[in-house]
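Residue numbers (the numbering used here): 1165 to 1386. So the structure is just underneath, and the comments pick up after that.
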Amino acid sequence: MLNKIIFLFSLFFIQLSYSQLPEGFVYVSDLIPDIEVELRYFSENNFTGKRVPGYEAEKLILTKEAAMALQKIQQELENDGYCLKFFDAYRPQRAVNSFIAWAQKPEDTITKSQFYPEKKKSNLFNLGYIATRSGHSRGSTVDLTIVDAKSLEEVDMGGSYDYFGERSHHNFQDITEKQKANRQYLKAMMSRYGFRAYSEEWWHYTLRNEPYPNTYFDFIIQ
């Protein structure tokens, strides 16, 4: 009886949290509680060097369809001794607008050595690393990698998250065979459950049959 009461209370609070989101969106941890999350834009460890507008909590939000597909991926990864680690998911349009504003400040290059040492800041839009509209704002795009389920150490992908350069491209050849195999393993797993890769970024995937292909949301992550 006590277990049933606890379950009903848990269900109530989950539904209450969903009521704060637009219809069709969920908190990913409610469906996949054992994921790792390092929401980079909630911290200063990102290419802008500052916490990004719209990120008021380290909570991962996606459309229900994307989250349910990732739930299946997580289950299969666990069978192989891995689990998902997320860097970003839903991204408010106001965050994208802040990236545009950042790109228009050529004097602000404090993060250049870490994130874009080989590129001119003024070229980042033309090269496809930053966009005025992001698939993330449609709610079915994720930035992620995989980690060892026991140590939680990231699997070596031969490049770091949000590195703006050829090393991040899926077809980059100047990495080890093991690193190539790790990228291919993640790509194959994501593809199997309905996600398509972005050629310029090994960590970036979008649900093929996303429910809001033409809608860019701007609600705050909180």
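Idealized CB from N, CA, C, for every residue including glycine.
The count of Cβ pairs closer than 8 Å, one atom from the region 1195–1213 and one from the region 1257–1268, reaches three, so the stretches are in contact. Just so you know, the alpha carbons of F1383 and G1218 end up roughly 8 Å apart. DSSP places E1229 in the helix class (H, G or I) of the three-state scheme. Per DSSP, the unbroken alpha helix (DSSP H) holding R1258 starts and ends at 1257–1267. In the three-state reduction of the DSSP assignment, H1300 falls in the helix class. When DSSP states are grouped into helix, strand and coil, Y1376 belongs to the coil group. A distance below 8 Å separates the beta carbons of Y1191 and L1224. Rounded to the nearest angstrom, the Cβ distance from V1311 to E1200 is 6 Å, consistent with a contact under 8 Å.
DSSP places D1338 in no alpha helix (DSSP H); its state is neither H nor E.
Annotated three-state conformation of E1200 is strand, per DSSP. Straight-line spacing of the CA atoms in T1273 and K1283 works out to 11 Å.
In terms of CA proximity to D1320, K1344 leads the group A1295, K1344, S1298, G1303. Per DSSP, reduced to three states, the secondary structure at E1365 is strand. DSSP places K1249 in the uninterrupted beta strand (DSSP E) bounded by 1246–1252. The region 1262–1269 makes no contact with the region 1229–1238; the number of CB pairs closer than 8 Å stays below 3. Only exposed fits T1296, as fewer than 16 other CB atoms lie within 10 angstroms of its CB. Within the same chain, and ignoring the five residues on either side of H1368 in sequence, the residues whose Cβ sits closer than 6 Å to its Cβ are D1307, Y1362.
Sequence-distant partners of T1340 (beyond 5 residues in either direction) whose C-beta falls short of 6 Å from its own C-beta are missing from its chain. Relative to L1371, the option among E1365, G1299, N1346 whose CA is nearest is G1299.
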